[in-house]
Amino acid sequence: MSIVEAREPIESIVLIDVGEMSLRDLHYEGSVTLGGHDRSINSGDAGMKGIGESLCSKVRLTLSAKNLKDCDVFSKSDPMCVVLISSGALRGGRYSECGRTETLSNCLNAEWSRTVVVDYFFEEVQDIRFEVYDIDSSSNNLADHDFIGSAESTLAEIVGGPFCRRSFSLRGKNGERDRGELTVVAEEAEDQSRETVVFALRALKLDKKQFFGRSDPFLQIYRTNDDGSSQLVHRTEVIPRSLHPEWKPFEVPMQQLCGSNRNRNIRFDCYSYGSGTTKNGNFIGGCEIAFNKLVGKNDMELPLINEKKRKKKGSKYVDSGRLVFMSVATRRSYSFLEFIAGGTQLDFSVAIDMTASNGCVTEPSSLHFIGGARPNEYHLAIRAVADICQHYNYSKTFDAMGFGAKIPPKNFVNHCFPLNVGSNSFAVFGVAGLLEAYQRCLMSCILYGPTNFAPIISEASKKAASYPRDGSRYQILLIITDGCISDFDQTLSAVIAASYLPLSIIIVGVGAENFDRMNELDADDGLLTYQGRKAQRDIVQFVPLRQFLNKKGMASSSTEGMLASAQLAKEVLAEIPDQLTSYMNLNGIKPRPSTDPFPPPPPPPQSLLPAAPDGSRSPGWVVAPSSQGIGFAAGLTQPYTTTPATYFNPATIPSSCGSQMSSGYGFNIISPQLPPVAQIPTSLTAAAYPASGTWSSVPSHGSIPSGESSIGFMVAPSSTGLGKPEPPPPYRALGDGNAFSQRGTEDTVGGTGRIQPSAPPPP
Numbered sequence: 001m002s003i004v005e006a007r008e009p010i011e012s013i014v015l016i017d018v019g020e021m022s023l024r025d026l027h028y029e030g031s032v033t034l035g036g037h038d039r040s041i042n043s044g045d046a047g048m049k050g051i052g053e054s055l056c057s058k059v060r061l062t063l064s065a066k067n068l069k070d071c072d073v074f075s076k077s078d079p080m081c082v083v084l085i086s087s088g089a090l091r092g093g094r095y096s097e098c099g100r101t102e103t104l105s106n107c108l109n110a111e112w113s114r115t116v117v118v119d120y121f122f123e124e125v126q127d128i129r130f131e132v133y134d135i136d137s138s139s140n141n142l143a144d145h146d147f148i149g150s151a152e153s154t155l156a157e158i159v160g161g162p163f164c165r166r167s168f169s170l171r172g173k174n175g176e177r178d179r180g181e182l183t184v185v186a187e188e189a190e191d192q193s194r195e196t197v198v199f200a201l202r203a204l205k206l207d208k209k210q211f212f213g214r215s216d217p218f219l220q221i222y223r224t225n226d227d228g229s230s231q232l233v234h235r236t237e238v239i240p241r242s243l244h245p246e247w248k249p250f251e252v253p254m255q256q257l258c259g260s261n262r263n264r265n266i267r268f269d270c271y272s273y274g275s276g277t278t279k280n281g282n283f284i285g286g287c288e289i290a291f292n293k294l295v296g297k298n299d300m301e302l303p304l305i306n307e308k309k310r311k312k313k314g315s316k317y318v319d320s321g322r323l324v325f326m327s328v329a330t331r332r333s334y335s336f337l338e339f340i341a342g343g344t345q346l347d348f349s350v351a352i353d354m355t356a357s358n359g360c361v362t363e364p365s366s367l368h369f370i371g372g373a374r375p376n377e378y379h380l381a382i383r384a385v386a387d388i389c390q391h392y393n394y395s396k397t398f399d400a401m402g403f404g405a406k407i408p409p410k411n412f413v414n415h416c417f418p419l420n421v422g423s424n425s426f427a428v429f430g431v432a433g434l435l436e437a438y439q440r441c442l443m444s445c446i447l448y449g450p451t452n453f454a455p456i457i458s459e460a461s462k463k464a465a466s467y468p469r470d471g472s473r474y475q476i477l478l479i480i481t482d483g484c485i486s487d488f489d490q491t492l493s494a495v496i497a498a499s500y501l502p503l504s505i506i507i508v509g510v511g512a513e514n515f516d517r518m519n520e521l522d523a524d525d526g527l528l529t530y531q532g533r534k535a536q537r538d539i540v541q542f543v544p545l546r547q548f549l550n551k552k553g554m555a556s557s558s559t560e561g562m563l564a565s566a567q568l569a570k571e572v573l574a575e576i577p578d579q580l581t582s583y584m585n586l587n588g589i590k591p592r593p594s595t596d597p598f599p600p601p602p603p604p605p606q607s608l609l610p611a612a613p614d615g616s617r618s619p620g621w622v623v624a625p626s627s628q629g630i631g632f633a634a635g636l637t638q639p640y641t642t643t644p645a646t647y648f649n650p651a652t653i654p655s656s657c658g659s660q661m662s663s664g665y666g667f668n669i670i671s672p673q674l675p676p677v678a679q680i681p682t683s684l685t686a687a688a689y690p691a692s693g694t695w696s697s698v699p700s701h702g703s704i705p706s707g708e709s710s711i712g713f714m715v716a717p718s719s720t721g722l723g724k725p726e727p728p729p730p731y732r733a734l735g736d737g738n739a740f741s742q743r744g745t746e747d748t749v750g751g752t753g754r755i756q757p758s759a760p761p762p763p
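For the record, in the sequence shown the residue sitting at position 30 is 30 according to UniProt numbering, with numbers rising by one throughout.
Structure, rendered in structure tokens:
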């Protein structure tokens, strides 16, 4: 079928050439201009969607701040907040201002009433920055005012957080702390167009318009405008060879049908498809009625009138058939953001193709090769999708699966196994944990085959089927593969079964293989069917990664890699919001109120949490794991002595330390009695520096507090003295399994550093 779109005024209708295909399969896909916006009109299998929902939503940001730094001498600051949003990698990544609050006089605890509305795209990483200024004049130039502090995040982190709310510590231009705390609350801007009208229509005794006494009828529905003109809002599918057709139920957004005026007249015109006297087909007849006279009516009939025939036949003319409104009802359609605000969690699973066709993992030509100057295609695809999806799940855990490899210890081929080989759980923590599990798996499994998708989809379906039917959870399965599906029929059956569950499937093709059969699963041309069973909705999106890479099939630079990642994410994730809302609407699920969202899921098991990274801060201690990863020796009291040391390597200090990293003080921690688990030298050197000022004194000897010895961790006293190690969550200490508290994230006195092996202790 060829479709030629017409984006001119409504008189230019799309032309459809059906060729030899069945007329029952015919459906209209095009676009018309309605209210100044291009909107799609769908029918046939897409009939229940009506006019498609825009992928862009408007999000309203409400801002407040407390404990702002006072920049004025004789009064308090006069704060104003400026919101800037990045255009993203697809548009150059530049920040542009999108709104300002009002200025509040003499206020260090601000609650701004002026909100800022921004465009929200689920499928894009949207960096956002908040800048707070002390306004001293009427100038609009921000450079004329005192800068109080700023904070950066992504729009997804705010929208996907509990209660769509997040607080930030403001920092000065040079990273200074104690500038105040900013709180941002996001909500979807009010949209009056979410009410839709659901029509169920049939016709009786239509005029015969073709040979052999038949017609191929379809309907066109128009709204009448205040100036007397009309606009097409929906076209039904064609019912072949019938004088008593019954069309599939369809829905039209209320805003497009009649706007805010429910007394607006709606016109229904019936045509017979074919070589008619008009460009739309052969006109049978039409009727017109005010919308409010239709709503709630069942089996209401209206005559279809053809004015030309009536004028020709005069009093003998009755009608050209009758249109039966079996039901006309309104219903509320809920948006993706309403479900997210109500606490709906997106569970993310990734399945990696571990078949031999990827090539030997140690060869640079392998699609799984790790160690080159650029990440491989699997790595790029994982990051592109997971970096966005992670913000919509409080626990930050993913299911990591592999298929098509031989798994130790028995080395049997397995088509659905945890990437954490040897574990009984698919779960990993965070994007870093996902990538780490992928890389470890490459070193322990044997790439084999064939490429079977059905076991992976069945596993994801089993999890989705276990969800409560209340809209609290929805699953996204990402499958990354390099080849053709070996079990296509089984996969097709599994996808159709999954279409009835809260599940979406993304397939990313890597490498240069032929992926033609993958496109068959992406049901853009009609819902999937297999052995008499039809999918309830379209849940698969397939994209080959190579279309975003250069001709050599790679990203030639980090910038090009970022662009490819952004393009891939936009392509594969754009349909997720509509897929989620279609599942919820089909199952009659309403979102929870944003004021009473679903309770957050339990935190991830401690075993999934990573060790505290180098540079973790705490009010009294600074800790960093050793390369051996031993951790704290709980319950021990170890004597220690210190000796001056010169170990200070700025390259080992996190870049976030900024300009504070100007000088350092090193010392040795000596623990002569090591626990049995320790396999490291008895002397460790810690490179450290004070957060402010200089070290006034470091005790030359003493005891490490019970349960907090330094075996495997660098421990450095801050300027406030020794304290309890508290790096920020969600990290754990290697060895004792206890999570740390939140306090470490706002430490203002602790230093940072990295553990370094030292020379043997002095005699």
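All C-beta atoms in this analysis are idealised placements derived from N, C-alpha and C, irrespective of residue type, glycine included. Keep in mind that this is a model prediction, so the values were computed, not measured.
Going by Cα to Cα distance, which pick from the options is closest to residue i?
i, options, result
"residue 294", "263, 560, 185 and 64", "263"
"residue 123", "57, 266, 74 and 173", "57"
"residue 379", "412, 63, 351 and 154", "351"
"residue 261", "441, 601, 177 and 290", "290"
"residue 144", "150, 133 and 154", "133"
"residue 328", "317, 238 and 249", "249"
"residue 121", "430, 574, 270 and 456", "574"
Taking the Cβ atom as the reference point for each residue, do residue i and residue j lie within a distance shorter than 8 angstroms?
i, j, result
"residue 513", "residue 482", "yes"
"residue 86", "residue 126", "yes"
"residue 152", "residue 60", "no"
"residue 205", "residue 322", "yes"
"residue 109", "residue 75", "no"
"residue 361", "residue 442", "yes"
"residue 367", "residue 359", "yes"
"residue 404", "residue 415", "yes"
"residue 444", "residue 421", "yes"
"residue 375", "residue 401", "no"
So what's residue i in DSSP terms, helix, strand or just coil?
i, result
"residue 583", "helix"
"residue 336", "helix"
"residue 494", "helix"
"residue 441", "helix"
"residue 188", "strand"
"residue 457", "helix"
"residue 149", "strand"
"residue 341", "helix"
"residue 105", "coil"
"residue 123", "coil"
"residue 203", "strand"
"residue 74", "coil"
"residue 607", "helix"
"residue 316", "helix"
"residue 110", "strand"
"residue 535", "coil"
I need the straight-line Cα distance from residue i to residue j, nearest angstrom please.
i, j, result
"residue 284", "residue 203", "11 angstroms"
"residue 564", "residue 266", "46 angstroms"
"residue 544", "residue 381", "10 angstroms"
"residue 216", "residue 196", "28 angstroms"
"residue 157", "residue 164", "8 angstroms"
"residue 253", "residue 231", "14 angstroms"
"residue 804", "residue 149", "Here the chain has residues from 1 to 763 only, and residue 804 is not among them."
Return the first residue and the last residue of the beta strand (DSSP E) that residue i is part of.
i, result
"residue 282", "282-290"
"residue 387", "Here residue 387 belongs to no beta strand (DSSP E); instead the alpha helix (DSSP H) covers 377-389."
"residue 66", "57-66"
"residue 158", "Residue 158 -> not in any beta strand (DSSP E); alpha helix (DSSP H) instead, spanning 155-159."
"residue 414", "412-414"
"residue 360", "It is not in any beta strand (DSSP E) - residue 360 carries neither H nor E in the DSSP assignment."
In terms of residue numbering, what span does the alpha helix (DSSP H) encompassing residue i cover?
i, result
"residue 255", "254-257"
"residue 400", "It is not in any alpha helix (DSSP H) - residue 400 instead sits in the beta strand (DSSP E) that spans 397-403."
"residue 307", "307-313"
"residue 516", "516-521"
Should residue i be listed as close to the ligand PLP, given that the test is whether its C-beta is under 7 angstroms from any heavy atom?
i, result
"residue 339", "Ligands in the displayed structure: none, and consequently the ligand PLP is not present."
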